[in-house]
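Asker:
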């Protein structure tokens, strides 16, 4: 409420500086411990429970960036009866007051950027539940709320709640970088107050909300950014705090524009009908959020502090002291999940905490794509295996590599020039998402052009941690940081950083019974939370190698090649260094020790020996 008072003061006197003071005040308040839990979230609260023009937050991914738009930053209104003139601020809202004097010399045009944001793709249910459970925000439906609508989703909500609270307003001109001014008289304003626009009744199924992953739910949002928009990038994950705008006038005026577009001179029409539909969707389906403050999320694990780990020394020291014991607990659990194979469980832990920590030229350092071959095809093992991963990591996505999926799915985002938007694909994912590729689903058949393109995209993602977005006439490279786990029967057709062949200790006859005992029960949530915290913290830790250890590793490499120059290559050395780094981090150690290096050499020798034995038994696998 205090924020609204400050902003109202700035609207009545735009030159007073109240707006800047209000924004700065709330930025400072939101940085205080647990202050953010008092702000209602678009992720958790149905839209019809949130009051228009109130402060809300949104945990999201920037799916697209639209062209900048002009709006009236300062404008003057004239009272029709008294002719009194009042200066008003147009910031943080989509519609202006009626009675705007468009000839006023006091009008100031300003520019803002629009991001199309969606909930973080693949965010797992335990993450959503935990964020919602930690919220201290108290929200009640507006006075016009009808209880019978409680079971309707916000996608279907016609957003009649806020119509009684909206003053007589009109839309600001911001249809494009050089849009002509629109004006609506008092009669139009009155109609907007009393009528429910037909587009407000449009169900979400009639509008493509452009979620990257199929089956995703949640609100998409147009985020209006007023400053420093160059500091944000496509696919950034953010927590945005801003003023909610769901004015029905936005949809009504969009309808009027569609109806009148055929009468306009084509040379004067800056947007196509399709572009207008995509860029100005009904506010009840795609609300507007006027950004006051946003922070890039280093992670989206609700069990960790929202501030960087280095700023939470007490939490960090407490977690590090338990890393070794929690790791042992996780190793036992994953050994059970991997049918009694402890070595494969070791490598799975290393994979789950891997992270691209830097790039050297085009080479991403720190990635550790794991190919787990030898996976059983009985008892839906791979699906159950994925469900375990889903319980441990904040974001994940299962992609069954069936011939149909490969030939029909859109994995790579593509630019739609008619609608002037980026059509999302399944590889438009947030950083540190776990991508589970189930190659056991692949059957015999022919990949068509789309299938070949999709397999190529997966290969590039694994090898270079990048996705080449399709811009029709060219491709644009977008770096990413995605953990890829490939489950296959034989060696994967895709590249990987490490392959280990599963050696189950469970027979096919007892597989079903064995797998049914794997799932953790709800009462073990505290145990699961320990594992979730462990994996996220291990991924976020810094790491270094001392000069002394660097010299020791170099000497070891020379000694190994003396005995048999063909036994180890530079690629093998690189893999051992990655394994040693991840082993150290998995124990809570931020620098390489001699013990960790020897342990890395040992498990790599065991893995290579197993792979050689498997080749001898089965011949050279393709």
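Residue numbers (my numbering): -3 to 618. For glycine and all other residues, C-beta sits at the position ideal for the given N, C-alpha and C.
(1) Any contact between the region 375 to 384 and the region 583 to 592? By contact I mean 3 or more CB pairs, one from each, below 8 Å.
(2) Quick one: Cα of residue 89 to Cα of residue 241, how far?
(3) When the Cβ atoms of the region 383 to 402 are set against those of the region 421 to 433, are three or more pairs found closer than 8 Å?
(4) Report yes if the CB atom of residue 437 is closer than 7 Å to the CB atom of residue 335, and no otherwise.
(5) Between residue 23 and residue 289, how many whole angstroms is the CB-CB distance? I'm expecting something under 8 Å.
(6) Which value, in whole angstroms, describes the spacing of the CA atoms of residue 593 and residue 128?
(7) Just to confirm, are residue 466 and residue 558 a CB contact at a threshold of 7 Å?
(8) Is residue 382 buried or exposed, if buried means 16 or more other CB atoms sit within 10 Å of its CB?
(9) For residue 367, does the count of other Cβ atoms within 10 angstroms reach 16, so buried, or fall short, so exposed?
(10) Under 8 Å: do the region 454 to 474 and the region 318 to 331 share three or more Cβ pairs, one atom per stretch?
(11) When we look at the beta-carbon of residue 598 and count the other beta-carbons within 10 Å, is it buried (16 or more) or exposed?
(12) By the 10 Å Cβ neighbour count, where 16 or more other Cβ atoms means buried, how is residue 286 classified, buried or exposed?
(13) Any idea which residues DSSP pairs residue 85 with across the strands?
(14) Taking just the CA atoms, how far does residue 316 sit from residue 458?
(15) Within the same chain, show all residues whose beta-carbon is closer than 6 Å to that of residue 431, passing over the 5 residues directly before and after it, in chain order.
(16) Using the rule of at least 16 other Cβ atoms within 10 Å of the residue's Cβ for burial, across every protein chain shown, is residue 277 buried or exposed?
(17) Do residue 433 and residue 397 have their C-beta atoms closer together than 7 Å?
(18) I need the straight-line Cα distance from residue 513 to residue 211, nearest angstrom please.
(19) So what's residue 604 in DSSP terms, helix, strand or just coil?
(20) Where residue 474 and residue 309 are concerned, what is the direct C-alpha to C-alpha distance, given to the nearest angstrom?
(21) Compute the distance between the beta-carbons of residue 468 and residue 271, then report whether it is under 7 Å.
(22) Which same chain residues, not among the five before or five after residue 571, have their C-beta less than 8 Å away from its C-beta?
(23) Threshold first: 3 residues or longer. Then list the beta strand (DSSP E) segments lying entirely within the region 414 to 472, N to C.
(24) Reducing DSSP to helix, strand and coil, say where residue 330 ends up.
(25) Does the beta-carbon of residue 508 have 16 or more other beta-carbons within 10 angstroms, so that it is buried, or is it exposed?
(26) Look up residue 479 in the DSSP assignment and give the residues it is bridged to.
(27) Looking at the strands, I want to know which residues DSSP matches up with residue 367.
(28) Between residue 47 and chain D, is the shortest Cβ-Cβ distance under 7 Å, so that the two count as touching?
Answerer: Per the coordinate set shown:
(1) no
(2) Taking the chain shown and counting its residues from 1, one reaches residue 89 at position 93. Taking the chain shown and counting its residues from 1, one reaches residue 241 at position 245. Looking at the two C-alpha atoms, the distance is approximately 7 Å.
(3) yes
(4) Residue numbering aside, residue 437 sits at position 441 when the chain shown is read from its first letter. Residue numbering aside, residue 335 sits at position 339 when the chain shown is read from its first letter. No.
(5) Here residue 23 refers to the residue found at position 27 when the chain shown is read from its first residue. Here residue 289 refers to the residue found at position 293 when the chain shown is read from its first residue. That belief holds up - the Cβ atoms of residue 23 and residue 289 are roughly 5 Å apart, short of 8 Å.
(6) Residue mapping note: residue 593 aligns to position 597 of the chain shown, counting from 1. Residue mapping note: residue 128 aligns to position 132 of the chain shown, counting from 1. Those two C-alpha atoms are separated by around 42 Å.
(7) To locate residue 466, count along the chain shown from 1; it is residue 470. To locate residue 558, count along the chain shown from 1; it is residue 562. The answer is no: Cβ separation not under 7 Å.
(8) Reading the chain shown from its first residue, position 386 is the one you call residue 382. Burial call: buried.
(9) Your numbering for residue 367 matches position 371 in the chain shown. Buried, because 16 or more other Cβ atoms sit within 10 Å of the Cβ of residue 367.
(10) no
(11) For the purposes of this step, residue 598 is taken as the residue at position 602 of the chain shown. The residue is exposed, with fewer than 16 neighbouring Cβ atoms inside 10 Å.
(12) Taking the chain shown and counting its residues from 1, the one referred to as residue 286 is at position 290. Per the 10 Å Cβ criterion, buried.
(13) For this step, residue 85 is matched to residue 89 along the chain shown. Residue 85 pairs with 70.
(14) As a position in the chain shown, residue 458 is number 462, starting the count at 1. As a position in the chain shown, residue 316 is number 320, starting the count at 1. Rounded to the nearest angstrom, the two C-alpha atoms are 30 Å apart.
(15) Reading the chain shown from its first residue, position 435 is the one you call residue 431. Here the set comprises 393, 478, 480.
(16) If you number the chain shown from 1, residue 277 lands on position 281. So residue 277 counts as buried.
(17) Mapped onto the chain shown, residue 433 falls at position 437. Mapped onto the chain shown, residue 397 falls at position 401. It is a contact, given that the beta carbons lie within the stated cut-off.
(18) Taking the first residue of the chain shown as 1, we reach residue 513 at position 517. Taking the first residue of the chain shown as 1, we reach residue 211 at position 215. Between residue 513 and residue 211, the C-alpha separation is close to 29 Å.
(19) Counting from one through the chain shown, the residue named residue 604 turns up at place 608. Here residue 604 sits in helix by DSSP.
(20) Here residue 474 is taken as the residue at index 478 of the chain shown, counted from 1. Here residue 309 is taken as the residue at index 313 of the chain shown, counted from 1. Each residue's alpha carbon lies about 34 Å from the other.
(21) One-based indexing of the chain shown puts residue 468 at position 472. One-based indexing of the chain shown puts residue 271 at position 275. No, the pair does not count as a contact, with Cβ atoms beyond the cut-off.
(22) Working through the chain shown from its first residue, we reach residue 571 at position 575. Cβ neighbours of residue 571 beyond the five flanking positions: 493, 494, 600.
(23) 417 to 419, 430 to 434, 462 to 466
(24) Taking the first residue of the chain shown as 1, we reach residue 330 at position 334. Of the three classes helix, strand and coil, the one that applies to residue 330 here is helix, per DSSP.
(25) Counted from its first residue, the chain shown places residue 508 at position 512. By the neighbour-count rule (16 or more Cβ atoms within 10 Å), residue 508 is not buried but exposed.
(26) For the purposes of this step, residue 479 is taken as the residue at position 483 of the chain shown. Paired residue(s): 430.
(27) Sequence index remark: in the chain shown, residue 367 carries index 371 (1-based). In DSSP, residue 367 forms a bridge with 482, 495.
(28) Looking for chain D here will not work: only one protein chain is present.
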